[in-house]
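Protein chains in written order, with our numbering: chain A, 1 to 160; chain B, 1 to 160; chain C, 1 to 160; chain D, 1 to 160. Glycine included, each C-beta is placed from N, C-alpha and C at the ideal position. These numbers were taken from a predicted model, which means no experiment stands behind them. Encoded as structure tokens, the structure appears first; notes follow it.
4 protein chains.
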Amino acid sequence: MPVSVSVPDEIIIRRRRRNGTANLPDMDGYPFSCPIQVRWRDLDAFGHVNNATFASYLEMARTEAWTSLFGGRDALAIPFFVKRLEIDYRRPIDLDDEVRVWLRVGETRGASFTFEYTVEAGGEVAAEAVTRLACVDKTTGKPVPIDPDVRATLETLQPS
Amino acid sequence: MPVSVSVPDEIIIRRRRRNGTANLPDMDGYPFSCPIQVRWRDLDAFGHVNNATFASYLEMARTEAWTSLFGGRDALAIPFFVKRLEIDYRRPIDLDDEVRVWLRVGETRGASFTFEYTVEAGGEVAAEAVTRLACVDKTTGKPVPIDPDVRATLETLQPS
Amino acid sequence: MPVSVSVPDEIIIRRRRRNGTANLPDMDGYPFSCPIQVRWRDLDAFGHVNNATFASYLEMARTEAWTSLFGGRDALAIPFFVKRLEIDYRRPIDLDDEVRVWLRVGETRGASFTFEYTVEAGGEVAAEAVTRLACVDKTTGKPVPIDPDVRATLETLQPS
Amino acid sequence: MPVSVSVPDEIIIRRRRRNGTANLPDMDGYPFSCPIQVRWRDLDAFGHVNNATFASYLEMARTEAWTSLFGGRDALAIPFFVKRLEIDYRRPIDLDDEVRVWLRVGETRGASFTFEYTVEAGGEVAAEAVTRLACVDKTTGKPVPIDPDVRATLETLQPS
């Protein structure tokens, strides 16, 4: 059963699911998801969403999750930064695809933790991704252990 | 009365309207509107949505209107390009603002026409803008008169 | 004669000027210019530099001019914001175009002033543009008169 | 000894190297590099270059290398797409950092090959990255073996 997390109100997007026989696997392991509004500007000269823009989609979901977990924009004041990014691209995203980023917390350890993502487009898996975020001291900029309360809150987004 | 145009299904965004005493004027003159999902990546180092990103918001609304009017993505094959852009910035847009672009067609003449926009953020006017689009021949790249059917369809988005 | 302004060291870009019979007018009226490195990501699905990206090119030139005038990044602390943007698009910019933004200060008045730009691409005028910037008080966010020293420095970028 | 590859003419950027005691390792293993012009728009609300923008920097270098290897823009017609992206972020990039992306070809196998990158900023390593690109058939969109001539050309960018 998904952990009870305040999922943001839906952004219902009029875009078409490309087909009715989607290959999307069971998403039960992801306690959080965020719909993404694809923009014309996201496309590159190949007519698909640019590979770097996928990273902005992940960031969008991450920011929403963060705000949802830590209550408002001040939450962004918690000093984390992206330490590592991995994206496996499975299929292109088109302008008219309905897109949603599924997110969960992977491991939390010492001074860092991971978010794991599945990017859904047109009812299919468009990408799988992982970001590792590191906690830093605001003054020194050095890595520091994650605050225990922050960690406990993050762990509510781990798969049950 | 707004002209009957197929407005896309809503993208309901959880973001807060900043205040209850919005200064937003009567939007009856705008037959079309498009909610915009603000992304973390839209912000610049001042912490507000970057001035150039407003132009992408206009483009988002324009693309949605175009698709709505001309039926699907193939509509994008109609060769128009942006000839002139004007934006008057009224107030900054923040990450947690609920944003909507209101759009109408202004004048249509010879080989070009205008879209007029009001960008709403947090229940207030964040910007007013105009884009002039020119019709070109696909082969020669030269300006050509707007096709009469295209013009008639565009005019359904003029204020009544 | 151009006012003596410290123009940044060149960014010499390998891109081709498209033709040898450029239509570029005399640029003597512009005391400052900034070469722009076109990126693949700047293109949209039409294969040309996206219309909103032109605004980022202007901003690039503006930031460089600002830094050049006011000495380093702290100069960015001077609280101005973009109040109005106008761009007239003359021809598309391609990935392999050599691009340069020419900039001058137009009028300075009360609490605002203008930058005027010509965007050169492939030896031709790709766009002409104006931005009006307003000076604000950092604490109140209200418009305030431009500091006289700032104004005098800006005026060194007016055409002689 | 670096393989003799036509490195594009330099883009010399006026930005400062932050310190004289750079930790940048020996870059002899990278036969290609591309200077990057950092833009104001690349920064996010934290005041550093956004994590997704690093992927655009890689793409910039990749596009330049590709054009350099395969002779002009038509080279872009060779149908490859990004299959996997990995970035390890080592330090933030600031607006005034001199940035350069170093690039080499890693392994080439069946229908895919890798580019390996080091992103230099202010004389230090700002990121290390790998992208795997897959070759596809234009008509079917299915992976196909890399053309032997393309492979041989790519291998000139492998470390000697």
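Annotation for leucine 154 (chain B): the continuous alpha helix (DSSP H) segment containing it runs 148-155.
Residue environment analysis places serine 33 (chain C) among the buried positions, since at least 16 neighbouring C-beta atoms fall within 10 angstroms of its C-beta. Taking alanine 134 (chain D) as reference, the option from D:Glu107, D:Thr156, D:Asp88 and D:Trp40 with the minimal CA-CA separation is D:Glu107.
As the crow flies, the alpha-carbon of glutamate 124 (chain A) is around 8 angstroms from that of proline 25 (chain A).
Among the residues facing chain D, serine 56 (chain C) is included, as its CB has a counterpart in that chain under 8 angstroms away.
Under DSSP, isoleucine 36 (chain D) takes part in a beta bridge, and its partners are D:Val99. By DSSP's assignment, alanine 129 (chain D) forms a beta bridge with D:Ile87 and D:Tyr117. Glutamate 116 (chain B) is classed as buried because its beta carbon has at least 16 other beta carbons within 10 Å across all chains shown. The beta-carbon of leucine 133 (chain D) is placed no less than 8 angstroms from the nearest beta-carbon of chain A. A distance of 8 angstroms or more separates the beta carbons of arginine 91 (chain C) and glutamate 120 (chain C).
Under the DSSP definition of a beta bridge, glutamate 124 (chain C) partners with C:Ala121. Exclusion of the five residues before and after valine 144 (chain A) leaves Ala111, Cys135, Val136 and Asp137 as the residues of its chain whose Cβ lies within less than 7 angstroms of its Cβ. Nearest CB-CB separation between arginine 41 (chain D) and chain C: below the 8 angstroms threshold. Here the alpha carbon of leucine 157 (chain A) sits roughly 11 angstroms from the alpha carbon of threonine 114 (chain A). Counting the other Cβ atoms within 10 Å of the Cβ of lysine 83 (chain C) gives 16 or more, which makes it buried.
Leaving aside the five residues that flank aspartate 42 (chain D) on each side, the residues in its chain whose CB is nearer than 7 angstroms to its CB run, in chain order, Val49, Asn50 and Thr53. Look at aspartate 94 (chain A): its C-beta is not under 8 angstroms from any C-beta on chain D. Within the region 79-104 of chain A, the residues whose Cβ lies closer than 9 angstroms to any Cβ of chain C are, in chain order, Leu95. Taking C-alpha positions only, leucine 58 (chain B) is separated from arginine 151 (chain D) by approximately 43 angstroms.
By the C-beta density criterion, arginine 39 (chain B) is buried, having at least 16 other C-beta atoms within 10 angstroms. C-alpha of alanine 126 (chain C) to C-alpha of arginine 104 (chain A): approximately 46 angstroms in a straight line. For serine 160 (chain D), the three-state secondary structure derived from DSSP is coil. The alpha-carbon separation between glutamate 86 (chain D) and isoleucine 87 (chain A) amounts to approximately 7 angstroms. In the structure shown, leucine 58 (chain D) falls within a helical segment according to DSSP collapsed to helix, strand and coil.
Restricting attention to D:Thr63, D:Asp28 and D:Asp149, the CA atom closest to the CA of glutamine 37 (chain C) is found in D:Thr63.
Using a Cβ-Cβ cut-off of 8 angstroms, glycine 141 (chain D) does not count as an interface residue toward chain B, since no Cβ of chain B sits closer than that to its own. The C-beta of alanine 126 (chain A) comes no closer than 8 angstroms to any C-beta of chain D. Rounded to the nearest whole angstrom, the CA to CA distance from threonine 139 (chain A) to threonine 67 (chain C) is 27 angstroms.
With at least 16 other beta carbons inside 10 angstroms of its own, isoleucine 146 (chain C) counts as buried. In the structure shown, leucine 24 (chain C) falls within a coil segment according to DSSP collapsed to helix, strand and coil. For glutamate 120 (chain D), no CB of chain C lies under 8 angstroms from its own CB, so it is not counted at the interface with that chain. Closest in C-alpha terms to arginine 132 (chain A), from the list A:Ala55, A:Met27, A:Pro31 and A:Gly29, comes A:Ala55. DSSP places phenylalanine 81 (chain A) within a strand segment (E or B) once states are collapsed to three. Here valine 144 (chain C) is not bridged, per DSSP, to any residue.
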